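*Asks:* Please find one structure pasted underneath; my questions will follow.
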Ligand code: GAR
């Protein structure tokens, strides 16, 4: 039986990871990007998805709206497009346990929600991770992990590291990480797909 991951991408900004996923799987039958959703008006990720003719939406939180109501609108959109997996690609909102429950995989006891994070988790969770690690003169890396209800705390799927001493400037340091991100997210999705095929 063929297994297809029908993924919705959630992103808040530039969208280089989102574009990389759309591009990496555009001619493959393993992962199908069903839609791209941003919570930020005018974010560049929406332009990027148009290049691939993938439906894209801005679903921003209305002033005074509850987090659950905002997430409900996102979940509905994902469901309408047949999405059963969620990929976070620079999505800056923390997901509630309601949202996580909506994509819970009872068989595998984890959510079908994946995130890429710019650090070697559990180090430097949260925002500005490359910057904080660089200022500490720390080696760093990239993690792809399942999402749980904590902030960047879910089970790790893949990690790759790089050395502080290889980088003369912050720009070079960040670029090292970005280069790893491009490789790591598609690789992690292939691992997930193989796992689903075999179970
Ligand atoms: C990426 O570096 C990603 O790892 C990071 O945001 C950036 C998004 O860039 N994610 C996080 O910090 C999540 N906590 P992009 O919009 O160009 O893909």
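Residue numbers (our numbering): 8 to 206. Cβ atoms here follow ideal geometry from the backbone N, Cα and C, with glycine treated the same way. Quantities reported herein were computed from a predicted structural model and do not represent experimental measurements.
Is residue 152 close to the ligand GAR? I mean its beta-carbon at under 7 Å from any heavy atom of the ligand.
*Replies:* It does not: the Cβ of residue 152 is nowhere closer than 7 Å to a heavy atom of the ligand GAR.
*Asks:* Entirely within the region 50 to 111 and at least 3 residues each: give me those beta strand (DSSP E) ranges in chain order.
*Replies:* 63 to 65 and 92 to 95
*Asks:* Using the three-state DSSP reduction, which class does residue 151 fall into: helix, strand or coil?
*Replies:* Look at residue 151 here: in three-state DSSP terms it is strand.
*Asks:* Taking 7 Å as the cut-off, does the CB of residue 156 come closer than this to any heavy atom belonging to the ligand ATP?
*Replies:* In terms of ligand content, the structure shown lacks the ligand ATP and carries the ligand GAR instead.
*Asks:* Return the Cβ separation of residue 149 and residue 164 in integer angstroms, given the expectation that the two are a contact with Cβ distance under 8 Å.
*Replies:* Not confirmed; about 11 Å, so no contact.
*Asks:* Give me the Cα-Cα distance between residue 130 and residue 157, rounded to the nearest whole angstrom.
*Replies:* 14 Å
*Asks:* Between the alpha carbons of residue 27 and residue 72, how many angstroms are there, rounded?
*Replies:* 32 Å
*Asks:* Looking at C-alpha atoms only, which residue of 126, 185 and 47 is the closest neighbour of residue 99?
*Replies:* 47
*Asks:* So, at 6 Å on beta carbons, what are the nonlocal neighbours of residue 207 in its own chain, with the 5 sequence-adjacent residues on each side left out?
*Replies:* Missing from the structure shown is residue 207; the chain here goes from 8 to 206 and no further.
*Asks:* For residue 94, count the other beta carbons within 10 Å of its own beta carbon; 16 or more makes it buried, fewer makes it exposed. Which is it?
*Replies:* buried
*Asks:* What distance in whole Å lies between the Cβ atoms of residue 31 and residue 193, which are believed to be in contact at a cut-off of 8 Å?
*Replies:* 4 Å
*Asks:* Return yes when at least one heavy atom of the ligand GAR lies under 7 Å from the C-beta of residue 188, else no.
*Replies:* yes
*Asks:* Among the residues of its own chain, which have a CB less than 7 Å from the CB of residue 75, if the five just before and after it don't count?
*Replies:* Its chain contains 103 and 105 as the residues whose beta carbon lies nearer than 7 Å to that of residue 75, once the 5 sequence neighbours on both sides are disregarded; these appear in chain order.
*Asks:* The ligand GAR and residue 49: does the residue's C-beta get closer than 7 Å to at least one heavy atom of that ligand?
*Replies:* no
*Asks:* Excluding the 5 residues preceding and the 5 following residue 84 in the sequence, name in chain order all residues of the same chain whose CB lies nearer than 7 Å to its CB.
*Replies:* 42, 44, 64 and 66
*Asks:* Does any heavy atom of the ligand GAR sit closer than 7 Å to the C-beta of residue 140?
*Replies:* Distances between the C-beta of residue 140 and the heavy atoms of the ligand GAR are all 7 Å or more.
*Asks:* On a CA-only basis, which of 90, 147 and 143 is nearest residue 124? Give me that one, please.
*Replies:* Shortest Cα-Cα distance from residue 124 to any of 90, 147 and 143 involves 147.
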